[in-house]
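Visitor: For the record, in the sequence shown the residue sitting at position 358 is 560 according to the numbering used here, with numbers rising by one throughout. Glycine is no exception: its CB is placed at the ideal position from the N, C-alpha and C atoms. Source: prediction; values computed, not measured. One structure, as structure tokens, below. Some questions next.
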Amino acid sequence: MALLTKKPCWTYKELHRWSVDPATLQDFWRDAYTYLELAPEGSEAVGPMMRSENDGYLFPPPAFFPDDRLNVAEILLRKGADNKVAIHFARESVSSIEQVTWGQLRERVKRTRDAMINSSVRSGDVVAAVITNSVDAMVICLATLSIGAVWSSSSPDLGPDAIHGRYGQVDPKLVFADDSYVYAGKLVRLGHRIEQWAERLRKSGTQLRNVVVIANHGVETDVSKIYRGCTYEAFLGRGSGQPLEFQLLPFSQPAFILYSSGTGVALKARTDSIIQHDMRTEDVIFQYTTTSWVMWLLNFMNLGSGASMLLFDGSPYHPRPTILLELAERTGVTVFGTSPRYLSDLRSRSIEPRKLFNLDRIRVVTSTGSVLSEDLYRWFYGRGFPPEAHLISMSGGTDIAGSFVGGTPLLPVFAGEIQCKALGMAVDIYDPERADGVSVEHSGAAGELVCTQPFPSQPHEFHGPGGLEKYRSSYFQRFGPKVWCQGDFIQRLADTGGLIMLGRSDGVLNPSGVRFGSAEIYAVTETFSDISDAICVGQRRECDDDEQVLLFVKMKPDCPFTQDLQERLIVAIRDKYTPRHVPKYIFAVTEIPYTINGKKCEINVKHIVSGRAVAVSNTVANPQALELYKRFQDLPTQCKRIGAKANL
Numbered sequence: 203m204a205l206l207t208k209k210p211c212w213t214y215k216e217l218h219r220w221s222v223d224p225a226t227l228q229d230f231w232r233d234a235y236t237y238l239e240l241a242p243e244g245s246e247a248v249g250p251m252m253r254s255e256n257d258g259y260l261f262p263p264p265a266f267f268p269d270d271r272l273n274v275a276e277i278l279l280r281k282g283a284d285n286k287v288a289i290h291f292a293r294e295s296v297s298s299i300e301q302v303t304w305g306q307l308r309e310r311v312k313r314t315r316d317a318m319i320n321s322s323v324r325s326g327d328v329v330a331a332v333i334t335n336s337v338d339a340m341v342i343c344l345a346t347l348s349i350g351a352v353w354s355s356s357s358p359d360l361g362p363d364a365i366h367g368r369y370g371q372v373d374p375k376l377v378f379a380d381d382s383y384v385y386a387g388k389l390v391r392l393g394h395r396i397e398q399w400a401e402r403l404r405k406s407g408t409q410l411r412n413v414v415v416i417a418n419h420g421v422e423t424d425v426s427k428i429y430r431g432c433t434y435e436a437f438l439g440r441g442s443g444q445p446l447e448f449q450l451l452p453f454s455q456p457a458f459i460l461y462s463s464g465t466g467v468a469l470k471a472r473t474d475s476i477i478q479h480d481m482r483t484e485d486v487i488f489q490y491t492t493t494s495w496v497m498w499l500l501n502f503m504n505l506g507s508g509a510s511m512l513l514f515d516g517s518p519y520h521p522r523p524t525i526l527l528e529l530a531e532r533t534g535v536t537v538f539g540t541s542p543r544y545l546s547d548l549r550s551r552s553i554e555p556r557k558l559f560n561l562d563r564i565r566v567v568t569s570t571g572s573v574l575s576e577d578l579y580r581w582f583y584g585r586g587f588p589p590e591a592h593l594i595s596m597s598g599g600t601d602i603a604g605s606f607v608g609g610t611p612l613l614p615v616f617a618g619e620i621q622c623k624a625l626g627m628a629v630d631i632y633d634p635e636r637a638d639g640v641s642v643e644h645s646g647a648a649g650e651l652v653c654t655q656p657f658p659s660q661p662h663e664f665h666g667p668g669g670l671e672k673y674r675s676s677y678f679q680r681f682g683p684k685v686w687c688q689g690d691f692i693q694r695l696a697d698t699g700g701l702i703m704l705g706r707s708d709g710v711l712n713p714s715g716v717r718f719g720s721a722e723i724y725a726v727t728e729t730f731s732d733i734s735d736a737i738c739v740g741q742r743r744e745c746d747d748d749e750q751v752l753l754f755v756k757m758k759p760d761c762p763f764t765q766d767l768q769e770r771l772i773v774a775i776r777d778k779y780t781p782r783h784v785p786k787y788i789f790a791v792t793e794i795p796y797t798i799n800g801k802k803c804e805i806n807v808k809h810i811v812s813g814r815a816v817a818v819s820n821t822v823a824n825p826q827a828l829e830l831y832k833r834f835q836d837l838p839t840q841c842k843r844i845g846a847k848a849n850l
């Protein structure tokens, strides 16, 4: 990179400051664009990084690299040698690991692209999929992008209403669908569900040409019952032997619909993985994810480094709770992508990975999806993974297809803290009580996570009518068009410079005017060996003058919820923080609601216990759990602090 020849001894803090300074920000992104080789092969010139009618405004979004043309699929397929393994693929139901070389991957993409073109797919069309985290998903996505079409994916555990709700909005020309999947040892046949959502798409008057059914697990599906159904084999038969070519497109050409989609994903994702997190060509990269989550897209973008990847389809605990660790050992994983929940589950099951498996090749472990507690950091290095591994906790969003804050090998790791702001991201912390945009970052106070300079993976648009206004109201209503407000609560520690995510802004706890995040409470509950899980929310109903904090804990099997436990929790929370942090009530419950991406449904529970109507999203993995919290709507405001067990 040009910046390395300018001043090779910069500290990370200096490098970050240079990457976000309004005078040099464009230099950083141009250097990153060149270093990451995003331009088509044979092209050396890089045009201006940004063009905007309103200098410094994030909304309306600027045009990034307006004079450059590229193709995401060409970038991702460019590096790997034909005989090198591109993908290791494992299913929970199969003991063997499928290996696909780069040459085989390119051939499969070529055949699928050929059939797409002969099915009238053109640049700008939408190709959707209801598909597992599989080689087929990667192939179909690459073929889609090679044409300049737009990709949108969902995992097959979503119901017909959710699929129609998503794809009825985006009007796909083709939808690819797995006919079955296996999860936790259970075979789920999807033929009837496909019939249902395909028929609903037909009634919606979409331009759907075909539903292409992918056979899995030996299931026989009658595609004649599916609106415009055909098998994947029959679809590939439409090919006419066309070569694998890539249509060059403007940098801001839409490529993905994520139900908050970014534009410059190729640049931002590769900056995060290669420059920020030091991903290398020789790596074997694993990320546990489904195709509904932005992490699938970010993992997909790792192909561009020329590294190999491990894909897994199934439950992370089946047929054994160590299955992912076994696969990491067998395939030589060097970058292991996971979540705090998975690490917590390993710890609660008394699994010590480094004692059971040879994980010495693991160089980086990334964690996202929720806050990684201080206690989990200590378990990770003390008993969990090889102590030489770099544990990176990161936080970003589906909306930006990348990270605001994350890790770097240039800085030390402190337990419970995110190391740094991501390069190129002008992250600041604003006072949540003021609308005029006042930074509180250096005071150590918690506040709103904002970004004050444009970045290439800003969403291109919100799809559909009224999209521009929805875009504005989602991120710029709070502080105006020059400040992206993410809706997360964050704090910077003065002594280390590290950052702590405290939760969503609308889920911040605020009893008697004292603001704190649920993550602070979880940092305590996770230290209790008899507590399996917890969810902490604020309750403020129309009759309440103030908010009271409710803590719900799920006990481990055969561990009772006792008065002694409650008192120990209260003491631990009070001693770690302040008496104001202590919940008004503590209850035991049998289930904690989660989204299909593994995030606690705090806002849903908060609304339910506050007596508000809740429209339950189809992305809630266990919606029945939300019903359990309705009984807490009528709690008195003034009461004895300690709660009681709820017989649920």
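Assign K802 to buried or exposed, taking buried as 16 or more other Cβ atoms, counted over all protein chains shown, within 10 Å of its Cβ.
Guide: To locate residue 802, count along the sequence shown from 1; it is residue 600. Result: buried.
Visitor: Please report the straight-line C-alpha distance between P224 and P250, rounded to a whole angstrom.
Guide: Numbered from its first residue, the sequence shown carries residue 224 at position 22. Numbered from its first residue, the sequence shown carries residue 250 at position 48. Their Cα atoms are separated by approximately 14 Å.
Visitor: G464 by DSSP, collapsed to three states: which one?
Guide: Working through the sequence shown from its first residue, we reach residue 464 at position 262. Because G464 carries a pLDDT of 41, less than 50, the predicted location of this residue cannot be relied on, and no value is offered for it.
Visitor: Helix, strand or coil: which one does DSSP assign to M481?
Guide: Start at 1 with the first residue of the sequence shown, and residue 481 comes out as number 279. Assignment of M481 by DSSP, reduced to helix, strand and coil, places it in the coil class.
Visitor: If you check the beta carbons only, do A509 and D474 fall under 8 Å apart?
Guide: Within the sequence shown, the letter at position 307 stands for residue 509. Within the sequence shown, the letter at position 272 stands for residue 474. Result no, Cβ atoms of A509 and D474 do not sit closer than 8 Å.
Visitor: Please state whether the Cβ-Cβ distance between F488 and V566 is less than 8 Å.
Guide: Mapped onto the sequence shown, residue 488 falls at position 286. Mapped onto the sequence shown, residue 566 falls at position 364. In this structure, V566 does not lie closer than 8 Å to F488 by Cβ.
Visitor: Would you mind listing the alpha helix (DSSP H) stretches within the region 324–396 that are 4+ residues and don't spill past its ends, in chain order?
Guide: 337–349 and 362–372
Visitor: Closest to R551 by C-alpha separation, out of G668, M497 and I733, would be which residue?
Guide: Counting from 1 along the sequence shown, the entry for residue 551 is found at position 349. Checked all of G668, M497 and I733; the closest Cα to R551 is I733.
Visitor: Would you decide whether L526 is buried or exposed? Buried here means 16 or more other CB atoms lie within 10 Å of its CB.
Guide: For the purposes of this step, residue 526 is taken as the residue at position 324 of the sequence shown. Looking at its Cβ environment, which holds 16 or more other Cβ atoms inside 10 Å, L526 is buried.
Visitor: My guess is that G689 and N712 are in contact by the Cβ rule of under 8 Å, so how many angstroms apart are they, rounded?
Guide: Taking the first residue of the sequence shown as 1, we reach residue 689 at position 487. Taking the first residue of the sequence shown as 1, we reach residue 712 at position 510. Going by Cβ atoms, the distance from G689 to N712 rounds to 15 Å, so no, they are not a contact pair.
Visitor: From P242 to P588, what does the alpha carbon distance come to, in whole angstroms?
Guide: Residue 242 sits at position 40 when you count from the first residue of the sequence shown. Residue 588 sits at position 386 when you count from the first residue of the sequence shown. Spanning the two alpha carbons is a distance of roughly 39 Å.
Visitor: Can you tell which of F453, Y383 and L217 has its C-alpha closest to the C-alpha of Y235?
Guide: Locating residue 235 in the sequence shown gives position 33, where the first residue counts as 1. When each option's Cα is compared against that of Y235, the closest is F453.
Visitor: Should S507 go down as buried or exposed, given a rule of 16 or more other Cβ atoms within 10 Å for buried?
Guide: The residue you call residue 507 lines up with position 305 of the sequence shown. With 16 or more other Cβ atoms within 10 Å, it is buried.
Visitor: Excluding the 5 residues flanking S463 on each side, which residues of the same chain have their C-beta closer than 6 Å to its C-beta?
Guide: Here residue 463 is taken as the residue at index 261 of the sequence shown, counted from 1. Any reading at S463 needs caution, since the residue's pLDDT is 40, under 50, leaving its predicted position unreliable; the model's value is listed next. Counting only Cβ-Cβ distances below 6 Å, and skipping sequence neighbours, we find P661.
Visitor: Around the Cβ of T568, are there at least 16 other Cβ atoms within 10 angstroms (buried) or fewer (exposed)?
Guide: In the sequence shown, the residue the question calls residue 568 occupies position 366. T568 comes out buried.
Visitor: DSSP beta-bridge partners for E300?
Guide: Here residue 300 corresponds to residue number 98 of the sequence shown, with the count starting at 1. E300 is bridged to F291.
Visitor: Does the region 278–295 come close enough to the region 257–264 to have 3 or more Cβ pairs within less than 8 Å?
Guide: no
Visitor: Quick one: is A815 buried, meaning 16 or more other Cβ sit within 10 Å of its Cβ, or exposed?
Guide: Indexing the sequence shown from 1 puts residue 815 at position 613. Burial call: exposed.
Visitor: Taking the alpha-carbon positions, what's the G646 to L450 distance?
Guide: Position 444 of the sequence shown, counting from 1, holds the residue named residue 646. Position 248 of the sequence shown, counting from 1, holds the residue named residue 450. Approximately 47 Å between the Cα atoms of the pair.
Visitor: Give me, in chain order, the residues of the same chain whose beta-carbon lies closer than 6 Å to that of R404; leave out the 5 immediate sequence neighbours on both sides.
Guide: Locating residue 404 in the sequence shown gives position 202, counting from the first residue. Y429.
Visitor: How far does the beta strand (DSSP E) with F606 in it reach, from first residue to last?
Guide: For the purposes of this step, residue 606 is taken as residue 404 along the sequence shown, with counting starting at 1. Element bounds for F606: G604 to G608.
Visitor: Candidates T492, T226, D547 and S355: which alpha carbon is nearest T797's?
Guide: Position 595 of the sequence shown holds residue 797. With distances taken between Cα atoms, T797 lies closest to T492.
Visitor: Should N560 go down as buried or exposed, given a rule of 16 or more other Cβ atoms within 10 Å for buried?
Guide: The count along the sequence shown starts at 1 and reaches residue 560 at position 358. With fewer than 16 other Cβ atoms within 10 Å, it is exposed.
Visitor: Unbroken beta strand (DSSP E) runs of length 3 or more, entirely within the region 726–791: which are they?
Guide: 733–741, 750–757 and 787–790
Visitor: At which residues does the beta strand (DSSP E) containing T473 begin and terminate?
Guide: The residue labelled residue 473 in the question sits at position 271 within the sequence shown. Taken as a continuous stretch (DSSP letters only), T473 belongs to no beta strand (DSSP E), as it is neither H nor E.
Visitor: Counting C-beta neighbours from all protein chains within 10 Å, is the total for S221 16 or more, i.e. buried, or is it exposed?
Guide: Within the sequence shown, numbered from 1, the residue matching residue 221 stands at position 19. Answer is buried; the Cβ neighbour count reaches 16.
Visitor: Could you tell me whether the Cβ atoms of L438 and R313 are closer together than 8 Å?
Guide: Translated into the one-based positions of the sequence shown, residue 438 becomes position 236. Translated into the one-based positions of the sequence shown, residue 313 becomes position 111. In contact: L438 and R313 (Cβ atoms closer than 8 Å).
Visitor: With a CB to CB cut of under 8 Å and the five nearest residues on each side skipped, what residues in its chain are close to C653?
Guide: Locating residue 653 in the sequence shown gives position 451, where the first residue counts as 1. L260, F606, M627, A628, V629, D630, V685, W686 and Q688, listed in sequence order.
Visitor: Measure the alpha-carbon distance for L347 versus G666 and round it to whole angstroms.
Guide: Your numbering for residue 347 matches position 145 in the sequence shown. Your numbering for residue 666 matches position 464 in the sequence shown. So the alpha carbons of these two residues sit roughly 21 Å apart.
Visitor: Mapping DSSP to helix, strand and coil, what is Y429?
Guide: Translated into positions along the sequence shown, residue 429 becomes position 227. Three-state DSSP puts Y429 in coil, outside helix and strand.
Visitor: Pick helix, strand or coil for A265, following the three-state DSSP scheme.
Guide: In the sequence shown, counting from the first residue as 1, residue 265 sits at position 63. Reduced to three states, the DSSP call for A265 is strand.
Visitor: For K215 and A400, I'd like the C-alpha separation in whole angstroms.
Guide: As a working note, residue 215 is residue 13 in the sequence shown. As a working note, residue 400 is residue 198 in the sequence shown. Approximately 52 Å between the Cα atoms of the pair.
Visitor: Within the region 539–623, note down every full alpha helix (DSSP H) run reaching 4 residues or more, in order along the chain.
Guide: 542–550, 555–558 and 576–581
Visitor: Count the other C-beta atoms from every protein chain shown that fall within 10 angstroms of the C-beta of D270, then say buried if there are 16 or more, exposed otherwise.
Guide: The count along the sequence shown starts at 1 and reaches residue 270 at position 68. With 16 or more Cβ atoms within 10 Å of its Cβ, D270 is classed as buried.
Visitor: I'd like to check one pair, G571 with L545: are the Cβ atoms closer than 8 Å?
Guide: Counted from its first residue, the sequence shown places residue 545 at position 343. Counted from its first residue, the sequence shown places residue 571 at position 369. Pairing L545 with G571 gives a Cβ-Cβ distance that is not under 8 Å.
Visitor: Buried or exposed: V302, going by 16 or more other Cβ atoms within 10 Å of its Cβ?
Guide: Counted from its first residue, the sequence shown places residue 302 at position 100. So V302 ends up on the buried side.
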